[in-house]
Structures are given as C-alpha cells and as structure tokens.
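Below: the structure, in structure tokens.
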C-alpha cells in the first residue's frame with residue numbers, strides 16, 4: 004500500500020491523488036468524484052504517508068492504523084464516521100488501545116474512518132506482501148546495502164587550436 008501520492012489538503016474535504024507536477028504546484032485528482040484541480044505550493048497539503056497517530060508510547064503511522072482496521076474488518080468497510088462519538092471512540096480503542104486520548108480528537112478519528120472507507124472503496128488498501136517483507140529481512144540480515152551508482156566519467160575538454 005503506497006500512500007505517498009495520496010494527499011489531504013487543508014480547507015478541502017476528501018483525499019486527492021497526485022496526477023502530475025507543475026512549476027508552481029501539483030495537479031491532483033479527487034478520489035471521491037475524479038475532478039482534477041491545481042494545488043499550489045502555498046496550499047497546506049500533507050501526504051498520508053507522513054501522517055501518524057499519537058499514542059502514549061510512540062507515534063503510529065497512519066498506514067499501520069489502516070492495516071489494523073483492514074485486519075479487524077477482514078477487508079470490509081469500517082464503522083460509519085457519522086456515528087455518535089461514544090461508538091467511534093470505543094471502536095478506535097479496539098484498533099489502537101493505547102492512543103493518546105488528550106491529543107487525538109474525535110474529528111481526527113472521523114477522518115481516519117472516512118479515509119479508510121474511501122481508500123478501501125478505491126482498492127488502495129491492501130495487506131503488505133510477504134515477499135517485500137522477506138526482501139527487507141534478507142537485506143537487514145546480510146547487513147549489505149545496495150551498491151552505490153557509479154559516477155559518470157568527467158567530460159574531456161576539446162583541444163583548442
């Protein structure tokens with residue numbers, strides 16, 4: 004699951020997929036209705052990959068929260084974000100029992116549920132592939148990093164006559 008090209012934009016509802024880059028911003032497409040629009044550098048936008056949830060011990064990336072919901076619901080949609088606050092908090096505690104109740108507001112929890120359901124509907128939430136995890140494990144076990152790319156040879160100057 005790659006959330007690096009999925010954005011949330013301050014002041015606009017929903018999630019947006021990066022379509023292309025311009026000299027002064029991005030062109031994004033709404034996941035909800037498919038409309039394209041420009042996003043300028045002055046607009047506050049965040050990639051879902053960079054967002055995390057506060058817990059008592061450490062911050063948990065949003066990607067992991069989505070995977071926990073996916074496992075709990077067996078790949079089906081989660082609770083409706085329009086439910087009452089008590090139900091939303093109780094459900095969230097089953098997913099992330101040690102979340103920081105002082106710093107995670109009900110509005111944040113509603114966004115998590117709405118975003119999860121939207122991404123699931125679009126087929127963007129998938130469990131991690133074991134092959135990718137094994138490749139990471141093998142690299143860590145050998146302690147070897149990929150060989151650095153060779154730098155191109157410097158260009159020779161033309162002889163002056």
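Residue numbers (our numbering): 4 to 164. We treat Cβ as the ideally placed atom computed from N, Cα and C, and that holds for glycine. Keep in mind the model is a prediction, meaning the values are calculated, not measured.
Under the three-state DSSP convention, the category residue i falls into
i, result
"residue 204", "Examination of residue 204 is not possible in this model, given that the chain is present from 4 through 164 alone."
"residue 110", "helix"
"residue 13", "coil"
"residue 25", "strand"
"residue 35", "coil"
"residue 120", "helix"
"residue 134", "Note that residue 134 scores a pLDDT of 42, beneath 50, so its modelled location is shaky; the value from the coordinates is reported in the next line. Helix."
"residue 19", "strand"
Integer-rounded CB distance, given that residue j should sit under 8 Å from residue i
i, j, result
"residue 82", "residue 91", "7 Å"
"residue 48", "residue 12", "5 Å"
"residue 7", "residue 74", "Actually they do not touch by this definition, with Cβ atoms about 22 Å apart."
"residue 69", "residue 34", "Residue 69 to residue 34, Cβ: 14 Å. No contact."
"residue 60", "residue 101", "6 Å"
"residue 5", "residue 57", "With 8 Å as the limit, residue 5 and residue 57 do not qualify as a contact, their Cβ atoms being about 24 Å apart."
"residue 30", "residue 10", "Residue 30 to residue 10, Cβ: 11 Å. No contact."
"residue 80", "residue 27", "The pair is not a contact, with the Cβ atoms about 37 Å apart (cut-off 8 Å)."
"residue 55", "residue 41", "Incorrect: roughly 28 Å between the Cβ atoms, too far for contact."
"residue 88", "residue 109", "5 Å"
Runs of alpha helix (DSSP H) wholly within the stretch 45-94 (minimum 4 residues, chain order): 65-76
For the stretch 22-29 against the stretch 109-120, are there 3 or more C-beta pairs whose distance is under 8 Å? no
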